[in-house]
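**Q** Pasting a structure here, questions to come.
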Amino acid sequence: MAAGATDRVVIRVEVGDGRILDGVTVRKLAGTLTGKQFVDVRRHGKQAFLLIEGGGAVGIHFGMSGRPVFLEEGESPPPHSRVVFSFADRTSFVFRCPRMFGKVRLLADVDQFLASRRLGPDALAADLPTFRTALDGRRGAVKGVLLNQGVLAGIGNVYADEVLFQTGIDPRTPGSSIDAEDHRRLHRALKRIFRTSLARDTDWAAVPATWLIPHRGRKGRCPRCHGPLDTGTVAGRTTFWCRACQPAQ
DNA sequence: CTGCAGTCCTGGTGGC
DNA sequence: TGCCACCAGGACTGCA
């Protein structure tokens with residue numbers, strides 16, 4: 002993800018738009034980082050953490066459009082680069098965020114931060130028992146359960162629709178009627194979806210045509226049965242599903 | 001506790 | 001063809 006950001010000395014931190022910062026000033030961020038290295042990168046759900054030598058971390062929440070970009074010497078920051086960390090070896094690490102929904106923070110302790118935000122286990126890292134425990138007993142529409150970052154961290158609106166499509170579950174199904182077999186199938190599908198998507202650099206234009214994602218949109222048709230997709234608001238979010246392939250319970 | 005609306009922001013889309 | 005209004009997306013706040 003942020004491969005290359007570690008083990009290089011930070012010599013400059015530039016913030017293109019201060020609104021991306023949360024709870025820290027440009028001055029404080031730059032002052033803390035200058036002369037230090039990032040020693041490791043962690044990810045939890047939609048956030049990445051660049052661990053600073055000697056303690057603390059830079060927390061990056063990707064929002065919907067945030068992307069990490071590593072630049073080799075001589076490469077210029079792309080448009081919408083909100084924060085640029087420049088290293089002594091002339092490479093740099095950039096946080097792009099066109100829609101400005103992301104956040105950059107300075108954290109004393111990552112685990113403490115995760116606990117304070119009440120985030121659930123990471124959706125991609127969760128094994129089946131963890132996944133099952135997280136989902137079990139949740140009320141409300143299953144789509145809302147999947148979107149709840151306090152249940153599992155990392156599933157956004159588009160991926161929630163995708164995993165429900167691939168498991169043939171109606172997004173409005175009450176969480177209480179999702180059984181152990183559904184849990185198993187959701188878990189397997191989610192891993193496959195995230196791994197495939199990450200392998201394609203999360204480019205939605207590059208995912209398989211058999212997925213729901215390329216067909217989201219007004220006149221979209223189901224890639225499996227070719228019937229018209231249903232659209233509506235579920236759990237407060239725009240939702241696409243196929244009434245035939247995801248039968249109501 | 002739960003769920004809903006409103007808010008932030010801007011590139012892309014739909015409609016005219 | 002060109003312009004503009006509107007919408008989506010994540011997470012927080014405030015209200016019922």
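So this note's numbering is basically just the index in the first sequence, starting at one, shifted up by 1. No residue lacks a Cβ here, since even glycine has one placed at the ideal position from N, Cα and C.
1. Alpha carbon to alpha carbon, what distance is there between leucine 108 and phenylalanine 50?
2. For a minimum of 3 consecutive residues, which ranges assigned as the beta strand (DSSP E) are wholly contained in the segment 89-162?
3. Could you tell me which whole alpha helix (DSSP H) segments of length 4 or greater appear in the segment 15-80?
4. Starting from threonine 197, trace the alpha helix (DSSP H) both ways and give me its first and last residue.
5. Going by alpha carbons, who is nearest to alanine 89 out of Val143, Leu34 and Pro79?
6. Judging by CA-CA distance, which residue of Lys192, Ile156, Ala181 and Lys144 is the nearest neighbour of aspartate 171?
7. If you follow the beta strand (DSSP E) that valine 208 is part of, which residue opens it and which one closes it?
8. What number of angstroms, rounded off, separates the C-alpha of valine 70 from the C-alpha of glutamate 76?
9. Less than 8 Å separating the beta-carbons of leucine 213 and aspartate 162?
10. Is the beta carbon of leucine 52 less than 8 Å from the beta carbon of valine 105?
11. By the three-class DSSP mapping on this structure, what secondary structure does isoleucine 170 have?
12. Restricting to Cα atoms, I'd like to know which of Val164, His62 and Arg225 is closest to threonine 240.
13. Taking the Cβ atom as the reference point for each residue, do arginine 169 and cysteine 246 lie within a distance shorter than 8 Å?
14. Within its chain, find whatever has a CB closer than 8 Å to the CB of lysine 47; leave out the 5 residues flanking it on each side and keep chain order.
15. Inspect the CB distances between the segment 188-202 and the segment 112-130 and report whether three or more fall short of 8 Å.
16. Following the continuous beta strand (DSSP E) through valine 235, name the residue where it begins and the one where it ends.
17. For glycine 60 and valine 111, what's the separation of their Cα atoms in angstroms?
18. Please report the residue range of the beta strand (DSSP E) in which threonine 240 lies.
19. Would you please state the rounded distance, in angstroms, between the beta carbons of glycine 19 and lysine 37? I believe it to be under 8 Å.
**A** On the basis of the data shown:
1. 9 Å
2. 93-97 and 104-108
3. 27-34
4. 181-200
5. Leu34
6. Lys144
7. Looking at the DSSP string, valine 208 is not in any beta strand (DSSP E), and its letter there is neither H nor E.
8. 11 Å
9. yes
10. no
11. coil
12. Val164
13. Correcting the residue type first, residue 169 is glycine in the shown sequence and not arginine. Yes, these two residues count as a Cβ contact at 8 Å.
14. His62, Phe63, Gly64, Gln150, Ala154, Gly155 and Gly157
15. yes
16. 231-235
17. 8 Å
18. 238-242
19. Contact flag wrong, Cβ pair sits at about 22 Å.
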